[in-house]
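> Numbering of the sequence shown is given in our numbering, commencing with residue 28 and proceeding in unit increments. For glycine and all other residues, C-beta sits at the position ideal for the given N, C-alpha and C. Everything numeric in this text was worked out from a predicted model, so none of it was measured.
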Amino acid sequence: SDWSINDDRTEYTFTLRDGVTFHDGSELTSSDVQYTIERITDPDVGARYSGVFTSVESVETPDDSTVVLQMSERYNPLLRQLAFSGTAII
């Protein structure tokens, strides 16, 4: 429902919208976002779009509705990449 970027563009904070559910009715949480990004970047998985998140140093989930991405460097296409179908939350 909201997002912000720090001044040097190395930290993105996202607040998830309430009431978003998966096809089975389970609620979307920040842990789902964290799992997806970590899965995409895991070399053992071999995800096709793993390069999208190479600048992501860590994914933090301070609560069920907040995701914080710590970046190793400024990566301007991040928001566009998050909306890409190849990085859909699972």
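Leaving aside the five residues before and after D13 along the sequence, list all residues of the same chain whose C-beta is less than 8 Å from its C-beta, in chain order.
Past the edges of the chain, shown from 28 to 117, lies residue 13, and the structure says nothing about it.
> How many whole angstroms separate the CB atoms of Q108 and V79, which I take to be in contact at a CB cut-off of 8 Å?
Right, the Cβ-Cβ distance comes to about 5 Å (below 8 Å), so this counts as a contact.
> On the DSSP bridge list, what partners appear for D29?
T42.
> Could you give the DSSP three-state label for E100: helix, strand or coil?
In the structure shown, E100 sits in coil (DSSP, three-state: anything other than H, G, I, E or B).
> Determine, using beta-carbon pairs with one atom in the segment 98-113 and one in the segment 28-39, whether at least three such pairs fall under 8 Å.
Contact holds: three or more Cβ-Cβ distances are below 8 Å.
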